[in-house]
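*Asks:*
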Amino acid sequence: MSTRSRILLLLLSLPLIALLVGLGVWQVERRAWKLDLIAKVEARVHAPASDAPPKAQWAEVNASNDEYRHVSLTGTFLNDKETLVQALTDLGGGFWVLTPLQAADGSITLVNRGFVPQEKRDASTRPAGQITGEETVEGLLRMSEPGGGLLRANDPATDRWYSRDVAAIAARRGLVNVAPYFVDADATPNPGGYPVGGLTVVRFNNNHLVYALTWFSLAIMLAGATISALRHDRNKP
Numbered sequence: 001m002s003t004r005s006r007i008l009l010l011l012l013s014l015p016l017i018a019l020l021v022g023l024g025v026w027q028v029e030r031r032a033w034k035l036d037l038i039a040k041v042e043a044r045v046h047a048p049a050s051d052a053p054p055k056a057q058w059a060e061v062n063a064s065n066d067e068y069r070h071v072s073l074t075g076t077f078l079n080d081k082e083t084l085v086q087a088l089t090d091l092g093g094g095f096w097v098l099t100p101l102q103a104a105d106g107s108i109t110l111v112n113r114g115f116v117p118q119e120k121r122d123a124s125t126r127p128a129g130q131i132t133g134e135e136t137v138e139g140l141l142r143m144s145e146p147g148g149g150l151l152r153a154n155d156p157a158t159d160r161w162y163s164r165d166v167a168a169i170a171a172r173r174g175l176v177n178v179a180p181y182f183v184d185a186d187a188t189p190n191p192g193g194y195p196v197g198g199l200t201v202v203r204f205n206n207n208h209l210v211y212a213l214t215w216f217s218l219a220i221m222l223a224g225a226t227i228s229a230l231r232h233d234r235n236k237p
């Protein structure tokens, strides 16, 4: 191998090795961030319920600081404006029942009261669960899910929903003064048994260590191959 070939080999391999090491370091940093996030979420989920953010704080609510907070809110359900959102849960396929809860000051928060199977999608099949009067709800604060889900876009015109898109649902139901988040109700039983709350899945993929080891391994393999090639060439008679 000529000197020019050796230099070319190094010019090609060294930046790639550096890139692979950089990707590994990035995954280590991502893992640390993810572990910190999981710890914070666990603390929020299991903390005593605090008041849901009022209107004056709505603009400051964000996923990093607020998602999965254990909150409490009081108001009256607007049962005639409930929305069904397609759901796949441990209880099978069916729908989430999102019902506006109007507070005394007129502000509204969408509450995911829980799951109903296909045969209970019509509110008339679960009259006991149509709670009237003032009600206090505890649950987990969730951020809006704009656009759609399950590889399908929401279709407000036909009232077909595949994600809990707060703004779109509020517009479809003619609601104003609506919080930018929704609340997943806890497992407190509803009259008549439906909807079934407390089915929030709090799960985060954390494969960053595997990815980091993969990048570092590739960097080591490439470095080893480069060194081997240079040594083999040097030892040629």
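As numbered in our numbering, residues 1 to 237 make up the sequence shown, in order.
For each residue, glycine too, the CB sits at the ideal point set by N, CA and C.
1. If we count the other Cβ atoms within 10 Å of its Cβ and call it buried at 16 or more, is A170 buried or exposed?
2. Alpha carbon to alpha carbon, how far is L8 from H208?
3. Quick one: grab the DSSP three-state call for E145.
4. Would you kindly check if the distance between the Cβ of P189 and the Cβ of A128 is under 8 Å?
5. When the Cα atoms are used, what is the spatial distance from T83 to T99?
6. What span of residues does the alpha helix (DSSP H) with V202 cover, start to end?
7. With the cut-off set at 8 Å, would you say V97 and V116 are in Cβ contact?
8. With distances taken between CB atoms, is the gap from D51 to L141 smaller than 8 Å?
9. Measure from the alpha carbon of G147 to the alpha carbon of each residue in R164, E138, T136 and S5, then state which is nearest.
10. To which residues of the same chain is Y211 closer than 7 Å at the C-beta, ignoring the five residues directly before and after it?
11. L199: which of L16, P54, N112 and W58 sits nearest, CA to CA?
12. Under a Cβ-count criterion, where at least 16 other Cβ atoms within 10 Å of its own Cβ denotes burial, should A47 be classed as buried or exposed?
13. In this structure, how does DSSP classify L73 when only helix, strand and coil are distinguished?
14. I'd like to know whether the C-beta atoms of R183 and L73 end up nearer to each other than 8 Å.
15. For N177, which option in D159, L19, V202 and D105 has the closest C-alpha, if you only look at C-alpha atoms?
16. Within 10 Å of its beta-carbon, does N205 have 16 or more other beta-carbons around it, so buried, or fewer, so exposed?
17. Span of the beta strand (DSSP E) holding Q130?
18. Flag this pair as yes or no: are the beta carbons of L222 and S13 separated by less than 8 Å?
19. When DSSP labels each residue in this structure, what does E138 get in the three-state scheme?
20. Return the bridge partner residues of P117 from the DSSP annotation.
21. Can you give me the Cβ contacts of A219 inside the same chain, cut-off strictly under 6 Å, excluding the 5 residues immediately before and after it?
*Replies:* Taking the coordinates as given:
1. buried
2. 33 Å
3. coil
4. no
5. 6 Å
6. V202 -> no alpha helix (DSSP H), and no H or E assigned at all.
7. yes
8. no
9. R164
10. Q27
11. N112
12. exposed
13. strand
14. Looking at the sequence provided, one finds Val at residue 183 rather than Arg. Cβ distance < 8 Å, so V183 and L73 count as in contact.
15. D105
16. exposed
17. Where Q130 is concerned, there is no enclosing beta strand (DSSP E), given that its DSSP letter is neither H nor E.
18. yes
19. strand
20. G94
21. I17, L20 and V21
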